[in-house]
Amino acid sequence: MKKFLMMLLTLSLLLGLAVSAPAEASMDDLIKAAQAEGELVVYGSSEEAHVAVIVNAFQEKYGIRTVFQRLSTGEVQAKITEENGNPSADVWFGGTTDPYNETAAAGLLEPYAAMNAGNIVDDMYKDKDGQWYGVYKGILGFMVNQEELDRLGLPAPEGWDDLLKPEYKGLIWMSNPNTAGTAKLIINTMVQLKGHDEAMKYFVELDKNIAQYTKSGSGPSKKVGIGECVIGIGFLHDGIYQILEGYDNIQLVIPKEGTSFEIGATAIFKGAAHPNAARLWIEFCLTPEAVNLSKTAGAYQFLVLKGAEQPEEAARFGLDPDNVIDYDFEDAKANTSNYVSDYFAALGAAADDRFKTE
């Protein structure tokens, strides 16, 4: 009996080695295959400095020539849709996941079972089919120029409905849903807070106060400090960056009715010319080593990987990653394109030259 038990123990140890060895070997093999391809092309939809710091770290670590172009999520989605399976880039990095989901639904993202997916803190931060993986979380809200509001004798808006007040006419900036994932998230947020029909009525009223719809989701934040935009709708980490750049006249507002959040993601394009380098990119992005670099480039989003160091700047300005609505990602995945179409149909002729594409 003792001999039999020893044989079982030995067999179990051998099986344990057999299970663990391939994981190590597969990463080594992936690195070799990626290095043999020798190149990677990245489309980045977070801020250019953020994309650059991740790209440079990947290139330095693996010796793979890596180039990138900064495009808004809507621009990437349009470009990849036009290229239809013959993409000019291999991977996508950064930007909210609503456009990722639309691109995935069109069959233009490549599913990949990432070995480092276990580093993600919750399944909600990854696509269930492995078509994208989240690396950060950004909170939606308002950035206001307090000096300008004081000069005008106006209080800061406290919530979404406050933005409809007539005294804010011409003071508010938002991004363009045709080009920016941020704007798509705003549309989805209102649909989930108010219901579809009431949300469309809300945007018709909000439009009366909008001075400009910027191409990029971060566009409003860049104009608040200088006073060109008095109230900007966007991600509050962009406001933090502007404050730390010296614009201490900016105040951040978390809407009292509740707000939603983006998941900043990364994904592989279907038909990527460098598929192994693309897979290695995903593995690298899903490590604390990579995401901890974000704050060095002024990107202060909350990180969604185990072992990552949260930027203390976000907590210092009162942001709480859990103080958000229960955002329905499945509804957004299924309906974002329709909601955007309904949005423009509701605005009608009001969808004018305030909607910037450059």
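Residue numbers for the sequence shown follow the working numbering, so the first one is 72 and each next one is one higher.
In this text, a Cβ means the ideal position worked out from N, Cα and C, and glycines have one as well.
Just so you know, these numbers come straight off a predicted model, no measurement behind them.
Next item on the list: State the Cα-Cα distance for the pair Leu242 and Trp231, rounded to the nearest angstrom.
Entry: Cα-Cα distance, rounded: 14 Å.
Notebook entry, point to check: Per DSSP, Ile353 forms a beta bridge with which residues?
Noted result: Ile353 is bridged by DSSP to nothing; it lacks a bridge partner.
Checklist line | Minimum length 4: unbroken alpha helix (DSSP H) runs contained in the segment 188-272 | finding: The segment 188-272 contains, as complete alpha helix (DSSP H) runs of 4+ residues, the segments 217-223, 252-265 (chain order).
Check: With a Cβ-Cβ cutoff of 8 Å, do Phe340 and Leu180 count as a contact?
Finding: For the 8 Å CB-CB criterion, Phe340 and Leu180 form a contact.
Note to self: Please report the straight-line C-alpha distance between Lys286 and Asp200, rounded to a whole angstrom.
What the structure shows: The alpha-carbon atoms of Lys286 and Asp200 are separated by roughly 30 Å.
Checklist line | Nearest-angstrom Cβ-Cβ length linking Arg387 and Ile281, presumed shorter than 8 Å | finding: By a beta-carbon distance limit of 8 Å, Arg387 does not contact Ile281. Their separation comes to about 30 Å.
Item checked: Segment contact flag, the segment 390-398 with the segment 314-332, C-beta cutoff 8 Å, min 3 pairs -> As far as the Cβ criterion goes, the segment 390-398 touches the segment 314-332, which means the pair count is three or higher.
Item checked: Reduced DSSP secondary structure (H/G/I, E/B, other) of Ala420 -> Annotated three-state conformation of Ala420 is helix, per DSSP.
Next item on the list: Taking 8 Å as the cut-off, decide whether the C-beta atoms of Ser246 and Pro291 are in contact.
Entry: Contact flag set, yes.
Checklist line | Tyr318 in three-state terms, based on DSSP | finding: Note: Tyr318 maps to coil in three-state DSSP.
Check: Expressed to the nearest angstrom, what Euclidean distance is found between the alpha-carbon atoms of Val147 and Gly305?
Finding: Per the coordinates, the alpha-carbon of Val147 lies some 19 Å from the alpha-carbon of Gly305.
Check: Lys377 by DSSP, collapsed to three states: which one?
Finding: In the structure shown, Lys377 sits in coil (DSSP, three-state: anything other than H, G, I, E or B).
Check: When the Cα atoms are used, what is the spatial distance from Asn157 to Gly296?
Finding: Distance between the alpha carbons of Asn157 and Gly296: 41 Å.
Next item on the list: Identify every residue that forms a DSSP beta bridge with Gln283.
Entry: Answer by DSSP bridge pairing, in chain order: Trp244.
Check: With respect to the beta strand (DSSP E) encompassing Glu110, which residues constitute its N-terminal and C-terminal limits?
Finding: Boundaries of the beta strand (DSSP E) around Glu110: 110-115.
Check: Hey, quick one: how far does the alpha helix (DSSP H) through Arg387 stretch, first residue to last?
Finding: Arg387 -> alpha helix (DSSP H) spans 383-387.
Margin query: When you measure from the CB of Asp399 to every non-hydrogen atom of the ligand ZN, does any distance come out below 7 Å?
Written below: The ligand ZN is absent from the structure shown, which contains no ligands of any kind.
Check: Quick one: is Glu44 buried, meaning 16 or more other Cβ sit within 10 Å of its Cβ, or exposed?
Finding: Residue 44 lies beyond the stretch modelled for the chain, which goes from 72 to 429, so this question has no answer here.
Notebook entry, point to check: What's the C-alpha gap between Asp413 and His267?
Noted result: C-alpha separation (whole angstroms): 9 Å.
Next item on the list: Would you kindly report the start and end of the unbroken beta strand (DSSP E) that includes Ala338?
Entry: Start and end: 332-339.
Checklist line | Simplified DSSP state of Ile297, which is helix, strand or coil | finding: It is coil, neither helix nor strand.
Next item on the list: Name, in chain order, the residues that DSSP records as bridge partners for Gly290.
Entry: Among the bridge pairs identified by DSSP, Gly290 is matched with none.
Note to self: Using 8 Å as the threshold, is the C-beta distance between Val113 and Ala338 below it?
What the structure shows: It is not a contact, given that the beta carbons lie outside the stated cut-off.
Notebook entry, point to check: Within this structure, are the beta carbons of Val275 and Ala420 separated by less than 8 Å?
Noted result: Annotated as distal: Val275 and Ala420, with beta-carbon spacing of 8 Å or more.
Notebook entry, point to check: Are the beta-carbon atoms belonging to Leu323 and Gly212 less than 8 Å from one another?
Noted result: The answer is yes: Cβ separation under 8 Å.
Notebook entry, point to check: If you draw a straight line from the C-alpha of Thr174 to the C-alpha of Arg222, how long is it?
Noted result: Using only the alpha carbons, I get a separation of about 45 Å.
Checklist line | First through last residue of the alpha helix (DSSP H) which encompasses Ile125 | finding: Per DSSP, the unbroken alpha helix (DSSP H) holding Ile125 starts and ends at 119-133.
Item checked: Residue closest to Tyr204, alpha-carbon to alpha-carbon, out of Lys236, Val262, Asp169, Leu225 -> Nearest C-alpha to Tyr204: Asp169.
Next item on the list: Buried or exposed for Lys327, please, with buried defined as at least 16 other CB atoms from any protein chain shown within 10 angstroms of its CB.
Entry: Lys327 is classed as exposed because its beta carbon has fewer than 16 other beta carbons within 10 Å across all chains shown.
Next item on the list: With Thr168 as the anchor, note down where its beta strand (DSSP E) starts and where it stops.
Entry: Per DSSP, Thr168 lies in no beta strand (DSSP E); the unbroken alpha helix (DSSP H) holding it starts and ends at 168-176.
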